[in-house]
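Here this note's numbering is used: position 192 in the sequence shown is 555, and no number is missing along the way.
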Amino acid sequence: MKYLPVRSFLTLGAVAGVSMTLLAIPAQAVTCSLTPTVSATASVESAQVDWDVVASNCVDVPTVEFEVKDQAAPSDDTGTVFSGLGLSGSQLVSGLAGGHTYDVTLTAAADTLTQQDATTVVPLMPSATTVTLNASAEEVTFGSSIDLKGIAKTAASAAAPGRTVSIERKAAGATDWSALPDTTTNGNGRYLVNVEPKKNTKYRATVDGVTSAVVAVQVDHNVKAAFRQANVKSGKRVVLKGHVGPTDSRVEVKLQKAADGDWKLMDSARLKDGTVKFSFKVHGDGRYRLLAPATDELGAGSDIAKVNVKGRK
């Protein structure tokens with residue numbers, strides 16, 4: 364605390380025969396004032412810290428410092444302190460973890476007074492520069508699911524964790540890509556989603572504006588063939604029934620019989636509500652196949668059924 368000097372006033376001359384004297388009055392005490400202000404701007408794995416300290420009526424020259432501390436660090440961690448600073452300035456703080464929240468605390472001290480200001484900053488993570496996409500299978504039967512997985516890396520070939528992965532698909536016959544629900548890369552920069560394509564479909568993944576190569580998955584007709592009776596007498600008529608997915612497929616299913624190392628066409632019929640039925644006589648053991656041919660939207664699918672004939676002639 365300091366005081367203004369005492370001011371003395373002269374005795375005034377006599378006015379109308381009266382002598383007057385003004386008394387000296389001590390000045391009021393004036394204390395030190397400090398007003399610190401700090402701000403921080405995020406950049407990739409770093410932050411630009413700007414500060415300003417307004418000081419008045421201080422005997423001592425103010426000391427200025429700021430501390431940068433990761434909120435994820437242990438409570439007893441003192442963080443990184445930058446000291447010996449001027450009343451105003453700017454400092455680039457590098458080596459920070461992208462995506463972490465940091466407390467930035469500015470401290471100014473002079474005489475017996477200490478004042479602080481604080482802010483937070485979240486450094487940016489480096490952008491991913493490569494994104495891969497792979498399918499656990501490139502050909503599946505209708506009704507089956509597959510895993511789409513990949514990894515995102517930065518320019519330094521480091522993993523890019525915590526990134527949003529946008530996955531899009533384009534099914535056969537579609538003109539535009541449609542979005543699937545987003546996912547996020549794990550701590551190793553990897554991601555995985557499970558999908559069940561209903562027809563031949565292309566997929567692609569995008570991270571930080573970088574898009575992967577396109578992966579194509581072929582979806583085959585799902586065919587199940589079975590005889591009502593698999594053990595019959597020679598010359599008896601049998602019924603071979605087939606179920607085909609998707610049920611709205613309108614393909615013409617072919618009935619084939621194994622002969623001479625190949626499949627010989629016997630008959631064909633159009634699907635109705637996903638089912639088809641063939642009736643024919645058998646005179647010996649045989650292997651029969653139902654084939655749903657490929658279309659523009661689906662791959663071919665087939666299934667084999669066997670019949671055993673008793674008392675063959």
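By construction, the Cβ of each residue, glycine as well, lies at the ideal position given by its N, Cα and C atoms. Here the structure is a predicted model, which means the values were calculated and not measured.
Residue nearest to residue i in terms of C-alpha spacing, selected from the options
i    : options                   : result
V639 : N671, V602 and S396       : V602
K448 : V595, K533 and A471       : Sequence inspection shows Leu at residue 448; the Lys mentioned does not correspond to that position. Here the closest residue by C-alpha is A471.
R532 : P524, T504 and L496       : L496
T564 : G550, L469, A579 and Q592 : A579
A500 : K512, T464 and S490       : K512
G525 : T548, A535, V586 and T569 : T548
T574 : I514, K617, D611 and D625 : I514
Residue i - containing beta strand (DSSP E), residue span
i    : result
R633 : D625 to R633
R600 : R600 to G608
G513 : I509 to T517
R613 : Taken as a continuous stretch (DSSP letters only), R613 belongs to no beta strand (DSSP E), as it is neither H nor E.
G447 : T443 to L448
V393 : Neither: V393 is in no beta strand (DSSP E) and is coded neither H nor E.
V595 : N594 to K596
G316 : The displayed coordinates of the chain run from 364 to 676. Any statement about residue 316 would go beyond what the structure contains.
T477 : L476 to V484
S419 : S409 to S419
V431 : T426 to D433
A655 : G649 to A655
S453 : S451 to S457
Under 8 angstroms between C-beta atoms of residue i and residue j
i    : j    : result
P486 : A435 : no
P489 : T468 : no
V558 : T546 : no
A418 : S396 : yes
G552 : A519 : no
A576 : L653 : no
V412 : V456 : yes
For residue j and residue i, believed in contact at Cβ under 8 angstroms, the rounded distance
i    : j    : result
D415 : S451 : 4 angstroms
D571 : L661 : In fact, because the Cβ distance is near 35 angstroms, the residues do not count as touching under 8 angstroms.
S402 : T482 : 6 angstroms
V595 : V672 : 6 angstroms
R613 : L634 : 6 angstroms
A668 : Y651 : 5 angstroms
D433 : A410 : With a Cβ gap of about 12 angstroms, D433 and A410 do not count as contacting.
V645 : K599 : 7 angstroms
G637 : V607 : 5 angstroms
A688 : V616 : Nothing about residue 688 can be reported from this structure: the residues present for the chain run from 364 to 676 only.
Contact test: residue i Cβ vs the ligand NAD heavy atom, cutoff 7 angstroms
i    : result
V639 : Ligands are entirely absent from the displayed structure, and the ligand NAD is therefore not among its contents.
Report yes or no: do three or more beta-carbon pairs, one from the stretch 471-487 and one from the stretch 420-440, lie closer than 8 angstroms?
yes
If contact is defined by three or more beta carbon pairs under 8 angstroms, each pair taking one atom from either stretch, is the stretch 442-460 in contact with the stretch 501-508?
no
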